[in-house]
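These protein sequence lines are chains U and A, in that order. Under my numbering, the first residue of the first sequence carries the number 2, and numbering increases by one thereafter. Under my numbering, the first residue of the second sequence carries the number 1236, and numbering increases by one thereafter. Glycine is no exception: its CB is placed at the ideal position from the N, C-alpha and C atoms. In this text, all values refer to a predicted model and were calculated from it rather than measured experimentally. Worksheet for the structure shown next.
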Amino acid sequence: MNSTLAKGHWSPATGHPMVPQPAVITHVQPEAHGVMTYTLGFRDPAVGEAYRFHPGQFNMLYLPGIGEAAISISSDPAEPAALRHTVRIAGNVTQAISRMEAGGVIGVRGPYGNSWPVDRAVGNDLIIVAGGIGLAPLRPVIYHVLRHRADYGKVTILNGARLPADLLYPQEYDDWRSHDIEVVVTVDRADETWKGRVGVVPILFYALRPDPKRTTVFTCGPEIMMHFVVYEALARRVPKDRIYLSLERNMKCAVAFCGRCQYGPTFLCKDGPVLSYDRIEPFFTVEEF
Amino acid sequence: MTEQTPLLGGQVVISKPALQQLFDALRTAGYSLIGPTVREDAIVYDEIAQLTDIPIGWADEQAPGTYRLRRRDDQAHFGFVVGPHSWKRYLSPPSLRLFATRRTGDGFSVETSNDPPPRYAFIGVRACDLVAIAVQDRVFVEGPVQEPHYKARRERAFVLAVNCTEPGGTCFCASMRTGPRCSSGFDLALTELDDAFLCEVGSALGAQMLSAVEWRPAGAFELSRARQAMADALTRMGRGLNTHNLPELLYDNLEHPHWANVAERCLSCANCTMVCPTCFCSDVQETSDLVGETAARVRVWDSCFNREFSYVFGGHLRPNTRARYRQWLTHKLASWTDQYGVLGCVGCGRCITWCPVGIDLTQELAAIRGEGQL
Ligand SMILES: Cc1cc2nc3c(=O)[nH]c(=O)nc-3n(C[C@H](O)[C@H](O)[C@H](O)COP(=O)(O)OP(=O)(O)OC[C@H]3O[C@@H](n4cnc5c(N)ncnc54)[C@H](O)[C@@H]3O)c2cc1C
Ligand code: SF4
Ligand code: SF4
Ligand code: FES
């Protein structure tokens, strides 16, 4: 008989690549309206020991009976045991997660996707541009920079939100600034307490004079915002292959089976979510692609 | 028994009734036979047992948007081509429970299924579909992550292929270089002659199965008749597709006005993706019992023509048929090559036949190339 027929072993349930690992919520941190950060620890210590991630990678978070959602890891890659996810309530899964408290158990599988190329950017000035929840997948980059500050030149964070109350991680900005990082913040609409800038994020570019020979741009936020970020960066002659975007598409599997996250030649769950502009240029300006 | 086991790569002749002996041998070896059979005016793939279950004496007439069965005036056993089903129905079924979870005091546990995966013998696999299976292998087992359900079914499957001597009205495998002759990926491959089958041995397993079947070595006359039949088939293709620089053609024409033209006709019904033997897109759904004790992850076929497929927070990224048809064709014939090193179309013609409004990708591509007049 065919040798493969002789193999009786069959354990797809435990062996299936989409099986999540139980993790305990150890801390819940409210961040903004409808946004919370969950600190997770794997129930199985061996899984926790082995778990490592790179800035920009994501996990699939699972709740039995509800479903799964792709959520970026928003914590420090040097501390993989305190795994944080910043979740904005969007639909079924994120809504159900928002009802969970410390001690609750959630399924986690990952990490998936590629990462922000922090190594390739060594020696460069960094411009990190985030809109709304888009700061979550960029926070691991900021932590990496804090730990390796001497590896990078000038570091600028341009961060925007719709309302002042929507700004993510405001309590950390002073720490970032104390590491010689410029943090510039803007909101679309001010309220009576707001003393800072008003306007969309790409406008913050106007004041920048980046050196095109040594600048890397990382951006994540609404796609419309990233369009303007790319435009402003190109206008300042930042090379296309030094402008990195994290793109979002519907994701059902995260292992390149379901086909939903395709973006032209790439599967964002496998080849992305971080792509340099030179790779996506032919598609980025195509409407409804 | 050794003299009764033909050589790998060899050609033997078996009589038509002797095919039943092969069916019996496969069933004795524990296979479920899946093969062509007539149901609701179409030839579909389903469980079969007897030679008489296959559509002997039937032919299918296919054209854009049209499929009709007719009686042949001979007793050809495989005198038809492919129907609305493809083998993906058995290798990655339309609905498949991936695994289950059970709520426990401290979270949840993952439940193991102890059912062994089915062991299929696929009867009558055409050349285009052999290539389509190889294409799906690239998706599910040859990438960085392997899909265990597909892999188990695939590894256990026996493949009895059939060379096409009478291509159908929507077939264009010759232009895709996938047929009409089966070149690899089978255990046994039949060529139907008037009164017997020529049978090529493609694997040791195939040779072994023949040990329970009456056969004799092929003679020069039979070999030349089969060769002639295959050469004739090449000239009788229903359609053709110019494959020259297809990826560049599509990438360069993402804003071509013809996409809007197709969108006026296409119903976004997703038939084309359901019948296509290479389309693999899926949704993963959560099912649970009423009290939420147990839940299961269920994968179901999905399609880039469905509205939900492109949903992200804030809206549908491909909100109209123009964007969806462009996604489908650009994936099949351009980005598929970037992703898997091969085109995503094997020229089986199913999407043309089963499109309710008869949209024909070979013509749409010709129009984009500036060659066709619609
Ligand atoms: C790589 C990656 C990283 C991500 N990182 C994060 C992150 O760090 N934090 C974060 O919060 N999110 C993140 N997301 C986004 C998150 O995965 C999505 O928002 C996800 O859809 C949430 O799942 P859900 O089940 O809660 O919402 P869904 O059920 O998917 O619904 C989202 C919203 O759309 C509505 N909706 C659902 N279906 C439809 C429909 N068919 N028509 C109209 N409306 C509909 C829902 O009611 C809801 O308002 C990331 C996504 C990707 C791809
Ligand atoms: S695209 Fe159409 S012709 Fe090509 S393999 Fe799919 S169904 Fe067959
Ligand atoms: S091309 Fe035809 S079969 Fe495919 S979605 Fe459009 S109408 Fe349906
Ligand atoms: S999320 Fe399924 S293919 Fe990428």
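Measure the CB-CB distance between residue 1266(A) and residue 1354(A) and report whether it falls below 8 Å.
yes
Taking beta-carbon pairs under 7 Å, can you tell me which members of the stretch 132 to 151 of chain U lie near chain A?
none
If you measure from the beta carbon of residue 263(U) to each beta carbon in chain A, is any gap under 8 Å?
yes
Rounded separation between residue 1559(A) and residue 72(U) - CA only
26 Å
Could you check where the beta strand (DSSP E) with residue 1295(A) kicks off and where it finishes?
1293 to 1298
Stretch-stretch touch, CB-based, cutoff 8 Å, three pairs: the stretch 1528 to 1547 of chain A with the stretch 1471 to 1490 of chain A
no
Option nearest residue 164(U) by Cα separation, candidates 188(U), 235(U) and 225(U)
188(U)
When you compare only the Cα positions, how much space is there between residue 202(U) and residue 128(U)?
12 Å
Rounded distance between the beta-carbons of residue 1465(A) and residue 1415(A), thought under 8 Å:
7 Å
If you reduce the DSSP assignment to three classes, tell me which class residue 213(U) lands in.
helix
Residue 1356(A): beta carbon under 7 Å from a heavy atom of ligand 6?
Ligand 6 is not part of the structure shown, which contains ligand 1, ligand 2, ligand 3 and ligand 4 as its ligands.
Just to confirm before moving on: does the CB-CB distance between residue 1240(A) and residue 1442(A) stay below 8 Å?
yes
Other residues of its chain near residue 279(U): CB distance less than 7 Å, five sequence neighbours each side excluded:
241 and 242
Residue 67(U) in three-state terms, based on DSSP:
coil
Measuring only between beta-carbons, confirm whether residue 1256(A) sits less than 8 Å from chain U.
no
Run down chain U in chain order and give the residues with a C-beta less than 7 Å from the C-beta of residue 1382(A).
258
Residues from the stretch 30 to 60 of chain U in contact with chain A, defined by Cβ distance under 8 Å:
44
How far does the alpha helix (DSSP H) with residue 1597(A) in it extend, from its first residue to its last?
1596 to 1604
For a quick check, are the C-beta atoms of residue 1405(A) and residue 1359(A) less than 8 Å apart?
no
Which same chain residues end up closer than 6 Å to residue 1294(A) when comparing Cβ atoms and leaving out the 5 residues on each side of it in sequence?
1305, 1307, 1314 and 1315
Is it the case that the Cβ atoms of residue 1399(A) and residue 1583(A) are separated by a distance below 8 Å?
no
If you run the structure through DSSP and keep just helix, strand and coil, what is residue 280(U)?
helix
Please confirm if the stretch 1333 to 1345 of chain A is in contact with the stretch 1519 to 1539 of chain A, defined as three or more CB-CB distances below 8 Å between the two stretches.
yes
Could you check what DSSP says for residue 1453(A) in three-state terms: helix, strand or coil?
coil
Is there at least one Cβ from chain U nearer than 8 Å to residue 1330(A)'s Cβ?
no
Under a CB-based cut-off of 8 Å, is residue 1570(A) close to chain U?
yes
Give, in chain order, every residue of the stretch 236 to 257 of chain U whose Cβ lies closer than 8 Å to some Cβ of chain A.
249, 250, 251, 253, 254, 256 and 257
Ignore the nearest five residues each way along the sequence and tell me which others in residue 177(U)'s own chain have a CB closer than 8 Å to its CB.
143, 147, 158 and 184
If you measure from the beta carbon of residue 1505(A) to each beta carbon in chain U, is any gap under 8 Å?
no
At the 8 Å Cβ level, is residue 6(U) part of the contact set with chain A, yes or no?
Because the pLDDT at residue 6(U) is just 32, under 50, the model does not fix this residue reliably, and the point stays unresolved.
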